[in-house]
Amino acid sequence: MNAVPLDAGPSGLEPPDRFTAEHRRYLERRTEHWNRVASRRVGVVSRHYRSRLVEIYRHVIGECDSILEVGCGNGDLLSALAPKRGVGVDLSPEMIENARSRHPQFAFACADAQTFELDQPPFDVIILSELLNEQWGG
0 MNAVPLDAGP SGLEPPDRFT AEHRRYLERR TEHWNRVASR RVGVVSRHYR SRLVEIYRHV
60 IGECDSILEV GCGNGDLLSA LAPKRGVGVD LSPEMIENAR SRHPQFAFAC ADAQTFELDQ
120 PPFDVIILSE LLNEQWGG
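Here numbering that gives the first Met the number 0 is used: the first residue of the sequence shown is 0, the next is one more, and so on.
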(Lines of atoms letter the chains of each structure in order from A; the text may use other names.)
(Lines give C-alpha, C1' and ligand atoms only; values in the text may rest on other atoms or scores of the structure.)
Protein backbone atom coordinates (compact mmCIF):
# COMPACT_ATOMS: atom_id res chain seq x y z
CA MET A 0 0.00 0.00 0.00
CA ASN A 1 1.29 3.45 -0.91
CA ALA A 2 -0.01 6.67 0.56
CA VAL A 3 0.97 10.23 -0.32
CA PRO A 4 3.30 11.55 2.42
CA LEU A 5 1.60 13.99 4.78
CA ASP A 6 4.25 16.65 4.11
CA ALA A 7 3.93 16.62 0.32
CA GLY A 8 1.85 18.95 -1.85
CA PRO A 9 -1.41 17.81 -3.53
CA SER A 10 0.38 15.95 -6.34
CA GLY A 11 2.87 14.40 -3.91
CA LEU A 12 5.79 16.16 -5.59
CA GLU A 13 5.77 19.88 -4.86
CA PRO A 14 6.59 21.43 -1.46
CA PRO A 15 3.74 21.78 1.02
CA ASP A 16 1.44 24.76 0.68
CA ARG A 17 -1.07 26.21 3.15
CA PHE A 18 -3.73 23.68 2.11
CA THR A 19 -1.36 20.77 2.68
CA ALA A 20 -0.11 22.15 6.00
CA GLU A 21 -3.70 22.57 7.27
CA HIS A 22 -4.58 19.07 6.09
CA ARG A 23 -1.53 17.64 7.87
CA ARG A 24 -2.47 19.41 11.13
CA TYR A 25 -6.04 18.10 10.81
CA LEU A 26 -4.80 14.53 10.32
CA GLU A 27 -2.45 14.85 13.30
CA ARG A 28 -5.32 16.03 15.54
CA ARG A 29 -7.64 13.24 14.34
CA THR A 30 -4.88 10.65 14.80
CA GLU A 31 -4.24 11.86 18.37
CA HIS A 32 -7.99 11.71 19.13
CA TRP A 33 -8.45 8.15 17.79
CA ASN A 34 -5.27 6.97 19.51
CA ARG A 35 -6.81 8.14 22.81
CA VAL A 36 -10.11 6.43 21.97
CA ALA A 37 -8.23 3.18 21.23
CA SER A 38 -7.17 2.91 24.87
CA ARG A 39 -10.68 3.41 26.32
CA ARG A 40 -13.07 0.66 27.34
CA VAL A 41 -16.23 0.33 25.27
CA GLY A 42 -19.35 1.30 27.22
CA VAL A 43 -22.75 -0.39 27.26
CA VAL A 44 -24.40 2.05 24.85
CA SER A 45 -21.50 1.78 22.44
CA ARG A 46 -21.57 -2.03 22.59
CA HIS A 47 -25.30 -2.02 21.83
CA TYR A 48 -24.80 0.41 18.94
CA ARG A 49 -21.97 -1.67 17.49
CA SER A 50 -23.95 -4.92 17.76
CA ARG A 51 -26.85 -3.21 15.98
CA LEU A 52 -24.46 -2.11 13.19
CA VAL A 53 -23.40 -5.74 12.76
CA GLU A 54 -27.05 -6.82 12.44
CA ILE A 55 -27.74 -4.13 9.84
CA TYR A 56 -24.63 -4.88 7.78
CA ARG A 57 -25.31 -8.62 7.87
CA HIS A 58 -28.84 -7.98 6.63
CA VAL A 59 -27.75 -5.59 3.86
CA ILE A 60 -24.67 -7.37 2.52
CA GLY A 61 -25.26 -10.97 3.58
CA GLU A 62 -22.32 -13.31 3.18
CA CYS A 63 -19.50 -12.21 0.91
CA ASP A 64 -15.99 -13.29 0.09
CA SER A 65 -14.15 -10.01 0.57
CA ILE A 66 -14.64 -6.78 2.52
CA LEU A 67 -12.57 -3.61 2.71
CA GLU A 68 -13.44 -1.52 5.76
CA VAL A 69 -12.13 2.04 5.64
CA GLY A 70 -12.12 3.52 9.13
CA CYS A 71 -11.99 0.05 10.66
CA GLY A 72 -11.03 1.05 14.21
CA ASN A 73 -10.22 -2.10 16.18
CA GLY A 74 -11.51 -4.38 13.42
CA ASP A 75 -14.49 -5.77 15.32
CA LEU A 76 -17.08 -4.99 12.60
CA LEU A 77 -14.92 -6.59 9.92
CA SER A 78 -14.43 -9.65 12.11
CA ALA A 79 -18.13 -9.94 12.96
CA LEU A 80 -18.99 -9.97 9.25
CA ALA A 81 -16.47 -12.81 8.77
CA PRO A 82 -15.39 -12.42 5.15
CA LYS A 83 -12.95 -14.93 3.67
CA ARG A 84 -10.66 -11.98 2.85
CA GLY A 85 -10.84 -8.85 4.97
CA VAL A 86 -8.75 -5.69 4.91
CA GLY A 87 -9.11 -2.78 7.33
CA VAL A 88 -7.66 0.72 7.00
CA ASP A 89 -7.56 3.29 9.78
CA LEU A 90 -5.75 6.56 10.50
CA SER A 91 -4.87 5.60 14.09
CA PRO A 92 -1.75 3.47 14.65
CA GLU A 93 -3.17 2.44 18.05
CA MET A 94 -6.42 1.24 16.49
CA ILE A 95 -4.50 -0.70 13.85
CA GLU A 96 -2.29 -2.29 16.51
CA ASN A 97 -5.42 -3.34 18.44
CA ALA A 98 -7.07 -4.66 15.26
CA ARG A 99 -4.01 -6.73 14.30
CA SER A 100 -3.78 -8.30 17.75
CA ARG A 101 -7.54 -8.96 18.03
CA HIS A 102 -8.09 -10.21 14.47
CA PRO A 103 -4.86 -11.64 13.01
CA GLN A 104 -6.79 -13.44 10.26
CA PHE A 105 -7.27 -10.10 8.46
CA ALA A 106 -4.87 -7.52 7.02
CA PHE A 107 -4.80 -4.01 8.50
CA ALA A 108 -3.06 -0.87 7.27
CA CYS A 109 -2.56 2.50 8.92
CA ALA A 110 -3.33 5.21 6.35
CA ASP A 111 -5.40 8.30 5.55
CA ALA A 112 -8.75 7.28 4.05
CA GLN A 113 -8.50 10.02 1.44
CA THR A 114 -5.06 9.11 0.04
CA PHE A 115 -4.39 5.40 0.59
CA GLU A 116 -3.84 2.92 -2.20
CA LEU A 117 -4.00 -0.85 -1.89
CA ASP A 118 -2.29 -3.48 -3.97
CA GLN A 119 -5.27 -5.85 -3.65
CA PRO A 120 -7.79 -7.42 -6.00
CA PRO A 121 -11.26 -5.80 -6.01
CA PHE A 122 -13.53 -6.27 -2.99
CA ASP A 123 -17.13 -7.50 -2.95
CA VAL A 124 -18.03 -4.85 -0.35
CA ILE A 125 -16.43 -1.62 0.86
CA ILE A 126 -17.62 -0.30 4.23
CA LEU A 127 -17.26 3.35 5.24
CA SER A 128 -19.09 3.14 8.56
CA GLU A 129 -18.72 6.24 10.75
CA LEU A 130 -16.08 7.65 8.44
CA LEU A 131 -17.66 10.48 6.47
CA ASN A 132 -17.77 12.91 9.41
CA GLU A 133 -14.05 12.36 9.87
CA GLN A 134 -13.03 13.52 6.40
CA TRP A 135 -11.34 16.86 6.00
CA GLY A 136 -13.07 19.22 3.61
CA GLY A 137 -10.38 21.90 3.40
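For glycine and all other residues, C-beta sits at the position ideal for the given N, C-alpha and C.
Each residue's CA atom was taken as its position, placing Gly85 and Ala79 some 11 Å apart.
In this structure the segment 110-130 touches the segment 61-72; the number of beta carbon pairs closer than 8 Å is three or more.
Closest option to Asp75, judged by alpha-carbon separation, among Lys83, Leu117 and Ala98: Ala98. Beta-bridge partners of Cys109 (DSSP): Asp89. Using a Cβ distance threshold of 8 Å, Phe115 and Ala106 do not count as a contacting pair.
A straight-line Cα-Cα distance of about 13 Å links Pro92 and Arg28. Take Pro82, set aside five residues on each side of it, and the residues of its chain with a beta-carbon closer than 7 Å to its own are Cys63, Asp64, Ser65 and Ile66, in chain order. In the DSSP annotation of this structure, Ser128 is not part of any alpha helix (DSSP H), being labelled neither H nor E. Exposure of Gly61 is indicated by the presence of fewer than 16 other C-beta atoms within 10 angstroms of its C-beta. In this structure, Asn73 sits near Arg101, with a CB-CB distance shorter than 8 Å.
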